[in-house]
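What follows is one structure encoded as structure tokens, with my remarks underneath.
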Amino acid sequence: MGRIREPYLLDGLREYEKRLRRFVRLEIRAVEDEPCPETLSAEEERAARETEGARLLKRLGGREYVTALDLGGRMLDSPGLAAYLAARALEGWSSQAFVIGGSLGLSPKVLERADFRLSLSALTFPHQLTRLILLEQIFRACKINSHEAYHK
8 MGRIREPYLL DGLREYEKRL RRFVRLEIRA VEDEPCPETL SAEEERAARE TEGARLLKRL
68 GGREYVTALD LGGRMLDSPG LAAYLAARAL EGWSSQAFVI GGSLGLSPKV LERADFRLSL
128 SALTFPHQLT RLILLEQIFR ACKINSHEAY HK
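Here it is in structure tokens:
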């Protein structure tokens, strides 16, 4: 959700996009997020999540294995993420989509559409930073699956 404007994050994203090109075809689809002032009521938050969710669902194809990033999802270590990605490929999933929600999280409809819910950490990260962390972890998983050193 949302566009990333911070130069340091853009630099990091470009770096990991470049590194990942040798392993995967990567496409990042940014979806406009809803304005979320601090004073939203519970109903306004629900409506914003639903609006964002509808936008996300429109961007997903029906032929993608969808992983939603969700605080309540399953945590994997780096070798576990590598095994997870490899298993999807062995199952014949040539396209995998990772969905990162906005500051209010993902709508129930997006979570229902997800084939898997992944939590990167028990910590909460800004959704813009989550994109960078996710790309780094996918890169690390690709290195593991290619039997290359990944801890450096």
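Going letter by letter, the sequence shown gives residues 8 to 159 in our numbering. We treat Cβ as the ideally placed atom computed from N, Cα and C, and that holds for glycine. This structure is a prediction, so every number in the text was calculated from the model and none was measured.
task = Could you check which residue in 144, 27, 18, 26 has the C-alpha nearest to that of residue 89?
result = Along the sequence shown, one-based indexing puts residue 89 at 82. By alpha-carbon distance to residue 89, the top candidate from 144, 27, 18, 26 is 144.
request  = Grab the span of the alpha helix (DSSP H) containing residue 101 for me, first residue to last.
outcome  = As a first step, residue 101 is located in the sequence shown; it is residue number 94 there, counting from the start. Segment: none, residue 101 is in no alpha helix (DSSP H) and carries neither H nor E.
request  = Assign residue 121 to one of three DSSP states: helix, strand, or coil.
outcome  = Along the sequence shown, read from residue 1 onward, the residue named residue 121 stands at position 114. In this structure, residue 121 counts as coil in the three-state DSSP scheme.
inquiry  = If you measure between the beta carbons of residue 57 and residue 114, is that distance less than 7 Å?
reply    = Position 50 of the sequence shown, counted from the first residue, corresponds to residue 57. Position 107 of the sequence shown, counted from the first residue, corresponds to residue 114. Yes, the Cβ-Cβ distance between residue 57 and residue 114 is below 7 Å.
query = Per DSSP, residue 75 is paired with what?
reply = Residue mapping note: residue 75 aligns to position 68 of the sequence shown, counting from 1. Beta bridge pairing from DSSP links residue 75 with 106, 124.
query = Taking the continuous alpha helix (DSSP H) assigned at residue 58, which residues delimit it?
reply = The residue given as residue 58 occupies position 51 in the sequence shown. Residue 58 -> alpha helix (DSSP H) spans 49 to 66.
key: Residue range of the alpha helix (DSSP H) that includes residue 149   = As a working mapping, residue 149 is identified with position 142 in the sequence shown. From DSSP, the alpha helix (DSSP H) with residue 149 extends over 134 to 152.
query = Which residue from 48, 79, 47, 104 puts its Cα closest to that of residue 66?
reply = Translated into the one-based positions of the sequence shown, residue 66 becomes position 59. With distances taken between Cα atoms, residue 66 lies closest to 104.
ask   = First and last residue of the alpha helix (DSSP H) that includes residue 19?
value = Residue mapping note: residue 19 aligns to position 12 of the sequence shown, counting from 1. From DSSP, the alpha helix (DSSP H) with residue 19 extends over 14 to 27.
inquiry  = Quick check: what's the CA-CA separation for residue 21 versus residue 107?
reply    = As a first step, residue 21 is located in the sequence shown; it is residue number 14 there, counting from the start. As a first step, residue 107 is located in the sequence shown; it is residue number 100 there, counting from the start. C-alpha separation (whole angstroms): 18 Å.
ask   = Is residue 152 near residue 94, with beta carbons less than 7 Å apart?
value = Position 145 of the sequence shown holds residue 152. Position 87 of the sequence shown holds residue 94. Contact: no.
query = According to the neighbour-count rule (16 or more other Cβ atoms, all chains shown, within 10 Å of its Cβ), is residue 8 buried or exposed?
reply = Start at 1 with the first residue of the sequence shown, and residue 8 comes out as number 1. Result: buried.
inquiry  = If you measure between the beta carbons of residue 68 and residue 124, is that distance less than 7 Å?
reply    = The residue given as residue 68 occupies position 61 in the sequence shown. The residue given as residue 124 occupies position 117 in the sequence shown. No, Cβ-Cβ distance for residue 68 and residue 124 is not below 7 Å.
key: Separation of residue 27 from residue 146, as counted between CA atoms   = Position 139 of the sequence shown, counting from 1, holds the residue named residue 146. Position 20 of the sequence shown, counting from 1, holds the residue named residue 27. Cα atoms of residue 146 and residue 27: separation of roughly 6 Å, rounded to the nearest angstrom.
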